[in-house]
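Below is one structure, written out as structure tokens; comments come after it.
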Amino acid sequence: MAELTLTNVTVNIPVGTEVKTLLQDVNLTVAKGEFVTVLGNNGAGKSTLFNAITGDMPVSGGTITLADQTLNGKRPEQRARHIARVFQDPKMGTAPRMTVAENLLLASHRGQRLTLRSRGMTASKAALKTLAAKTGNGLADALDKPTEQLSGGQRQALSLLMATMRKPDLLLLDEHTAALDPHTSQAIMQLTNEIVSDQQLTCLMITHQVEDALRYGNRLIVLDAGKIVADFDQAKKAAMSRDDVLAFFS
């Protein structure tokens, strides 16, 4: 069953007196529970693809559906009830002056109507500590620390937890390890894989790391000049080498 479908999606933007095409007639169907890695050179259309899905960039043509709902015409905040996104910058997914626990508690109500009620911090603290302990990077011992005092790896791990506390229909990972050192990047990738697998999330992940694109996920797509130029299922991806992938960028 398809969870996400893009049909002939095109994104054009004005550049001076001309029109530049960022996505051109993109067709993509992602099944529920698929973990798709997305590769492409700078300017290939990867972030534009995500922005079109989230509504941060209007489409010029085509349709986007998620969980049988047409997203065309829906505002980004409406789509955010169903779509979670983790960005490259660890600072973008958290509130800096709020504590780790406060950020997690806020994320636990994502998509719900806000009402005047007790936030329930005391009752939730034990569960939040257990959740934070899954990161294995000391986040569980920093529940009362302002998020701005965390390391980049801790903050990105927190962003990932926040994005997936309430299971989204779609998780978008926008180069979410690119700003981290290699050791921390791999720790975040392992955490990502565990969360996506355990929750059976439908996920698209942009990465520039060929090794991660091959190691994680059960499908690989390659974008170039606003088009999907290659689409490998799990069996084909498993048979690919690093050199096979790099051939697309030579």
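Quick note: the sequence shown uses full-length UniProt numbering, first residue 1, plus one each step. All C-beta atoms, glycine included, are put in the ideal place defined by N, C-alpha and C.
If you drop the 5 nearest sequence neighbours on each side, which residues of the same chain put their C-beta closer than 7 Å to that of Thr177?
Ser185, Ile188, Met189
Tell me the DSSP secondary structure of Ser118 in three-state form.
Caution is warranted here: a pLDDT of 44 is assigned to Ser118, below 50, making its placement in the model unreliable, and the coordinate value is therefore given only provisionally. Here Ser118 sits in coil by DSSP.
Am I right that Ala127 and Ala133 are in contact with their C-beta atoms under 8 Å? What's the rounded C-beta distance?
Not confirmed; about 11 Å, so no contact.
With 16 other CB atoms within 10 Å as the buried threshold, where does Gly153 fall?
buried
Which value, in whole angstroms, describes the spacing of the CA atoms of Val19 and Ser60?
11 Å
Terminal residues of the continuous beta strand (DSSP E) containing Glu34?
First-last for Glu34: undefined, no H or E at that position.
Taking Thr54 and Thr5 to be in contact with their CB atoms under 8 Å, please state how far apart those CB atoms are, rounded to whole angstroms.
About 15 Å; that fails the 8 Å criterion.
Are the beta-carbon atoms of Gly173 and Val36 separated by less than 8 Å?
Per the sequence shown, residue 173 should be read as Leu rather than Gly. No.
Would you give the residue range spanned by the alpha helix (DSSP H) that Asn103 belongs to?
100 to 107
Suppose you measure from the CA of Asn27 to the CA of Asp231; what does that come to, to the nearest Å?
Looking at the backbone, the Cα of Asn27 and that of Asp231 are separated by about 11 Å.
Could you give the first and the last residue of the continuous beta strand (DSSP E) run that contains Lys227?
227 to 232
Just grab the DSSP bridge partners of Arg85 for me.
Leu172
Report yes if the CB atom of Gly226 is closer than 8 Å to the CB atom of Gly45, and no otherwise.
yes
Would the beta-carbon of Glu3 fall within 8 Å of that of Thr202?
Yes, the pair counts as a contact, with Cβ atoms nearer than the cut-off.
In angstroms, rounded to a whole number, what distance separates the CA positions of Asp233 and Asn51?
24 Å
Within 8 Å, do at least three Cβ pairs link the region 7 to 21 to the region 66 to 74?
Taking 8 Å as the limit for Cβ pairs, the verdict is that the region 7 to 21 does not touch the region 66 to 74.
Which of the three DSSP states, helix, strand or coil, is assigned to Thr94?
coil
Please confirm whether Leu161 and Val38 have their CB atoms less than 8 Å apart.
no
Which of the three DSSP states, helix, strand or coil, is assigned to Leu128?
Assignment of Leu128 by DSSP, reduced to helix, strand and coil, places it in the helix class.
Restricting to Cα atoms, I'd like to know which of Gln209, Ser197, Arg155, Lys167 is closest to Gly136.
Arg155
Going by Cα to Cα distance, which pick from Asp198, Lys145, Asn42, Thr29 is closest to Leu22?
Asn42
Tell me whether Asn103 is buried or exposed, calling it buried when 16 or more other Cβ atoms sit within 10 Å of its Cβ.
buried
Identify the residues that DSSP records as bridge partners of Ile188: which are they?
DSSP lists no partner for Ile188.
Which of helix, strand or coil does DSSP assign to Thr207?
Reduced to three states, the DSSP call for Thr207 is coil.
Counting C-beta neighbours from all protein chains within 10 Å, is the total for Leu214 16 or more, i.e. buried, or is it exposed?
buried
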